[in-house]
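Residue numbers (this note's numbering): 4 to 324.
All C-beta atoms, glycine included, are put in the ideal place defined by N, C-alpha and C.
Note sheet for the following structure.
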Amino acid sequence: MIISAYIMPLRLPKPGLRNIDGHLLYLEHAGPHMATLQIVNNVLSSEMTSAGQLVETVDLELFGKSLFIEHIIMITLYDEYIYHETLVHPTLLSLENPEKVLIIGGGDGGALREVLKHPVGEVTLVELDKSVIETVKKHIPEVPGGSFEDPRLKLIIGDGRKYVESCEEKYDAVILDLTDPYGQAVRLYTKEFYSMVRKLIRDGGLMVTHSEGIHVNRVTFQRIYRAIRETFKRHAVAKAYVPSFNDEWSFSFGSDYLVPPELDREKLERRFNERLKGKTRFYLPEIHYALFSLPAYLKAALEEEVPPSTDDNPAEIYEES
Numbered sequence: 004m005i006i007s008a009y010i011m012p013l014r015l016p017k018p019g020l021r022n023i024d025g026h027l028l029y030l031e032h033a034g035p036h037m038a039t040l041q042i043v044n045n046v047l048s049s050e051m052t053s054a055g056q057l058v059e060t061v062d063l064e065l066f067g068k069s070l071f072i073e074h075i076i077m078i079t080l081y082d083e084y085i086y087h088e089t090l091v092h093p094t095l096l097s098l099e100n101p102e103k104v105l106i107i108g109g110g111d112g113g114a115l116r117e118v119l120k121h122p123v124g125e126v127t128l129v130e131l132d133k134s135v136i137e138t139v140k141k142h143i144p145e146v147p148g149g150s151f152e153d154p155r156l157k158l159i160i161g162d163g164r165k166y167v168e169s170c171e172e173k174y175d176a177v178i179l180d181l182t183d184p185y186g187q188a189v190r191l192y193t194k195e196f197y198s199m200v201r202k203l204i205r206d207g208g209l210m211v212t213h214s215e216g217i218h219v220n221r222v223t224f225q226r227i228y229r230a231i232r233e234t235f236k237r238h239a240v241a242k243a244y245v246p247s248f249n250d251e252w253s254f255s256f257g258s259d260y261l262v263p264p265e266l267d268r269e270k271l272e273r274r275f276n277e278r279l280k281g282k283t284r285f286y287l288p289e290i291h292y293a294l295f296s297l298p299a300y301l302k303a304a305l306e307e308e309v310p311p312s313t314d315d316n317p318a319e320i321y322e323e324s
């Protein structure tokens, strides 16, 4: 069961676990004017990690085992595959022969799991908080599966921005599987950061990042996309409804060569059948182009004059116009 409550912003109660009339509930801020209450069957873990993050795993009545970081839902067993497959497969299927992939974030292992379904040679995953990996492997192992034990993985525990700043390697694809833009994470959603990422991408490659909900966090989404648009020659937005996120979720792509909606249909179907046939729960060639089909109001929103997310003026979650 999930209850949505529309409340004046200044009156939003504090997020987190709470007992109401004998029922254990989890209250999450889903936007600047919206909070959700979900029934909790069991609390699996709760830890303030050495990276300074509150990491919790809980069993929700509706969505099953779920990961929260700083009181914001990251993944649930119910629908994580929608998010991860949309993030990864349009990206890698746009590439003829992806050999090296960089994932920034992705400590739950879901994006890594999907990348490893492709015949890649090496995946570098840079995660700030080792405790996230350990927590998910212990309490929600269905998400990573055995991906963290795959010999193609090069795991680095550290700051993603610092890694990108000092990196001298080149990648076919860079996948930004990040926490939402708050705190230090805002540095991973700026025009300056995307410019650094661009330098790591091989000819023909591309970058993808999730870019927030398109309704509840419209301004945040617009500003992130604007930053990408001002950095790359080619850009595109996909959207997919993720029930546990209470919104249609956006995925923004940047490339100097080709973005997923420009991929030839014959190539798409051939690559899918060779690499992924029978291995997906959500993504199919039939829905590839539909993911990038935007309604008129959303196309108009992307053309609105909004300031790009920058280091000096970063986009933040729950931002309002």
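Evaluate contact between the region 265 to 278 and the region 86 to 103, counting only Cβ atoms and requiring at least three cross-stretch pairs below 8 Å. yes
Please return the same chain residues whose Cβ sits closer than 7 Å to the Cβ of L28, not counting the five positions on each side in sequence. R21, L40, Q41, I42 and V43
Since L203 contacts E172 with CB under 8 Å, what's their CB separation in whole angstroms? 7 Å
Are the CB atoms of A243 and S255 nearer to each other than 9 Å? no
Collapsed DSSP secondary structure at L27 in the structure displayed: strand
Of all the options I75, S53, T79 and G124, which has the alpha carbon lying nearest to the alpha carbon of E64? T79
Leaving out five residues before and five after I85 in sequence, what residues of the same chain have Cβ atoms less than 6 Å from its Cβ? A243, V245 and F285
Alpha helix (DSSP H) segments (min. 4 residues) lying fully within the region 104 to 158: 113 to 118 and 133 to 142
Would V129 be called buried (16 or more neighbouring beta carbons within 10 Å of its own) or exposed? buried
Taking only runs that begin and end inside the region 215 to 272, name each unbroken alpha helix (DSSP H) of 4 or more residues, in chain order. 221 to 232
For M51, count neighbouring C-beta atoms within 10 Å of its own C-beta (all shown protein chains included) and say buried if the count is 16 or more, exposed if not. exposed
Integer Cβ distance of S69 from I75, believed to fall under 8 Å: Going by Cβ atoms, the distance from S69 to I75 rounds to 11 Å, so no, they are not a contact pair.
Cβ contact check for the region 274 to 282 and the region 109 to 125: 3 or more pairs under 8 Å: yes
Beta carbon of V91 nearer than 9 Å to that of D111: no
Among M37, V58, A38 and A54, which one has its Cα closest to the Cα of V46? V58
With DSSP collapsed to three states, give me the class of Y9. Note on Y9: pLDDT 46, under 50, position unreliable in the model; no value is reported.
How many angstroms separate the CA atom of E319 from the CA atom of L266? 32 Å
Opposing strand residues paired with Y174 [DSSP bridges]: I204
Starting from I320, trace the beta strand (DSSP E) both ways and give me its first and last residue. Segment: none, I320 is in no beta strand (DSSP E) and carries neither H nor E.
Are the beta-carbon atoms belonging to D253 and A241 less than 9 Å from one another? Strictly speaking, residue 253 in this sequence is Ser, with Asp absent from that position. Cβ distance < 9 Å, so S253 and A241 count as in contact.
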